[in-house]
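Since the structure comes first, as structure tokens, the remarks are kept for the end.
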Amino acid sequence: MKNVLNIATLLFVVIANSLAHGDKLKIANANAAFEIGGVVVTAGETYRGELKVPSGDDEVESFIPITVHNGNDAGPVLSLIAGIHGSEYSSILSMQKLAGLIDPAKLSGTLVIVHIANMPAFTGRTIYFGPDDLKNLNRSFPGDINGTITERIAFILKREVIMRSDYLIDIHSGDANESLGPSYSAYYAEAGGEMVFEESRRIAIAFGLETIVQFAGSYDSVDDAIYTGAQAVTLGIPAIDIESGELGKFGDQYVGPIIDGARNVMRELGMIAGDPELPANPLFISNRTRVFSNHDGIFYADRKVKTGNYITAGTRLGIITDYHGNELETIVAPSAGVLLILFGTPPVNKGDNVVVIGRISESGC
Ligand SMILES: [Zn+2]
Numbered sequence: 001m002k003n004v005l006n007i008a009t010l011l012f013v014v015i016a017n018s019l020a021h022g023d024k025l026k027i028a029n030a031n032a033a034f035e036i037g038g039v040v041v042t043a044g045e046t047y048r049g050e051l052k053v054p055s056g057d058d059e060v061e062s063f064i065p066i067t068v069h070n071g072n073d074a075g076p077v078l079s080l081i082a083g084i085h086g087s088e089y090s091s092i093l094s095m096q097k098l099a100g101l102i103d104p105a106k107l108s109g110t111l112v113i114v115h116i117a118n119m120p121a122f123t124g125r126t127i128y129f130g131p132d133d134l135k136n137l138n139r140s141f142p143g144d145i146n147g148t149i150t151e152r153i154a155f156i157l158k159r160e161v162i163m164r165s166d167y168l169i170d171i172h173s174g175d176a177n178e179s180l181g182p183s184y185s186a187y188y189a190e191a192g193g194e195m196v197f198e199e200s201r202r203i204a205i206a207f208g209l210e211t212i213v214q215f216a217g218s219y220d221s222v223d224d225a226i227y228t229g230a231q232a233v234t235l236g237i238p239a240i241d242i243e244s245g246e247l248g249k250f251g252d253q254y255v256g257p258i259i260d261g262a263r264n265v266m267r268e269l270g271m272i273a274g275d276p277e278l279p280a281n282p283l284f285i286s287n288r289t290r291v292f293s294n295h296d297g298i299f300y301a302d303r304k305v306k307t308g309n310y311i312t313a314g315t316r317l318g319i320i321t322d323y324h325g326n327e328l329e330t331i332v333a334p335s336a337g338v339l340l341i342l343f344g345t346p347p348v349n350k351g352d353n354v355v356v357i358g359r360i361s362e363s364g365c
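Numbering follows the working numbering, with no gaps: position 10 of the sequence shown is 10.
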């Protein structure tokens, strides 16, 4: 107690001296305490803990590990969410590293790191869907506290993380069955109103990846905004999506750009010192074309094509066979563009999105 009193006295003297010298800026910039999940994190402190996801009719409960660095000085609340899809490991491992690189004493604002949003999918090693209810967390917003486990996770993420954020970055990689390249940042170019898409665009560029995808469309209500980022922008919170990684890989070439990008955005927002390293020649992709499988079976990607290639309409991308090897379907590019995603493992189900092609924006922005 004595030490606390001494510090309080010292602070009083410092503040009184500052006031005497007209230095009001320092006081105006002092950060407030930050509350999350019923925990109060004081300015200049780091909290490592978890958000509880309560049990429901399914009797499944879960938790969401988080780190909160609440800076000494005031600034925006930036939230980084990893592991919405539990087998997208580069997002998860990049946040493990980033959490140890931030010093709240040198931070303005608050950094919220969600280490693994979808713990059931991570521990269950599933792609796309949670193992308990077979729902996709990135199609489950705004969530429902009385719903299934995935819907309850979405509800907690919305209430505790999204609603407390000034900016949001939802980090993905191609899922464990997807080849994906190049890594890109993406923003909602039409949703949430002008301030929201301008600010989203600003942090999408500041992240520093050379490829930037513009998501089309907006949402009539938060109930329609089923994606993590869409939920945020519809609530008026600038947000971007990151894709860096593929096929369950987590090498430095995927993890490094996520760590660098997160710090670039923090520099852009004035949360840490320095200027962001902006992309030298950003390539904007304004539209995406998807190809869906018409059959259950086995997918064989064409070995001559690679994600990141520019392909023309009609390019053969792979075939689907039945379980005896008889060809059922040839997958062909319906339009020209950059091949962003191509299935990279054999199982394919009717209705699966096996290919994504990005059309390069002609206006370049
Ligand atoms: Zn994902």
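Positions of the beta carbon are idealized from the N, C-alpha and C atoms, including for glycine. All figures in this text were calculated on a predicted structure; none of them were measured in a lab.
Residues Pro142, Gln231, Thr234, Leu235 of the same chain have their beta carbon placed closer than 7 Å to that of Val222, with the five preceding and five following residues left out of the count. With 16 or more other CB atoms across the displayed protein chains lying within 10 angstroms of its CB, Asp175 is buried. Scanning the region 161-217 from its first residue to its last, the whole alpha helix (DSSP H) runs of 4-plus residues come out as 194-206.
Here Val40 has Ala33, Phe34 as same chain residues with Cβ atoms under 8 Å from its own Cβ, once five neighbours each way along the sequence are excluded.
For Asp252, the enclosing alpha helix (DSSP H) has its first and last residue at 252-268. Per the DSSP secondary-structure output, Tyr300 pairs in a beta bridge with Ile319. Per the C-alpha coordinates, the member of Thr321, Ala117, Glu59 positioned closest to Ser79 is Ala117. DSSP places Ser55 outside any alpha helix (DSSP H), giving it a letter other than H or E.
Here the C-alpha atom of Lys249 lies approximately 11 Å from the C-alpha atom of Leu180. Remark: the shortest separation between the CB of Asp175 and any heavy atom of ligand 1 falls under 7 Å. A straight line joining the alpha-carbon of Tyr323 with that of Ala313 spans about 29 Å. Fully enclosed alpha helix (DSSP H) runs of no fewer than 4 residues occupy 228-234 of the region 217-241, in order along the chain. Under DSSP, Ile64 shares a beta bridge with Leu51.
Contact check between the region 57-66 and the region 146-156: three or more CB pairs, one atom from each, fall below 8 Å, which counts as touching. When secondary structure is reduced to three states using DSSP, Thr123 falls in the helix class. Distances between the C-beta of Ile84 and the heavy atoms of ligand 1 include at least one below 7 Å. Within the same chain, Cβ atoms closer than 6 Å to the Cβ of Asn29 are found at Asp73, Ala74, the five residues on either side in sequence being excluded. Of Glu277, Lys106, Lys97, Leu340, the smallest CA-CA separation from Ser183 is found for Leu340. For Phe343, the enclosing beta strand (DSSP E) covers residues 337-343. The shortest C-alpha to C-alpha distance from Ala82 to any of Met95, Gly71, Pro104 is the one to Met95. Shown here, Pro347 sits in a strand according to DSSP, grouped into three states.
Between the alpha carbons of Val112 and Asn136 lies a distance of about 23 Å. A direct Cα-to-Cα measurement between Tyr167 and Ile212 gives close to 17 Å. The nearest non-hydrogen atom of ligand 1 is less than 7 Å from the C-beta of Asn138. Around the beta carbon of Gly297, a 10 Å sphere encloses 16 or more other beta carbons of the protein chains shown; the residue is thus reported as buried. Listed in chain order, the beta strand (DSSP E) runs fully inside the region 90-115 are 108-114, counting runs of at least 3 residues. Boundaries of the beta strand (DSSP E) around Phe284: 283-292. In the three-state DSSP reduction, Leu278 falls in the coil class, being neither helix nor strand.
The beta carbons of Phe215 and Ala189 sit about 6 Å from each other, so the pair counts as a contact at 8 Å. Sorting Gly358, Leu247, Ala206 by C-alpha distance to the C-alpha of Gly86 places Leu247 at the top. Non-local beta-carbon contacts of Ala121 in its own chain, meaning distances under 6 Å to residues more than five positions away in sequence, involve Gly86, Gly130 in chain order.
Excluding the 5 residues flanking it on each side, Ser218 has same chain C-beta neighbours closer than 6 Å at Glu190, Ala191, in chain order.
With respect to the 8 Å criterion, Lys97 and Ile259 are classified as neighbours on the basis of their beta carbons.
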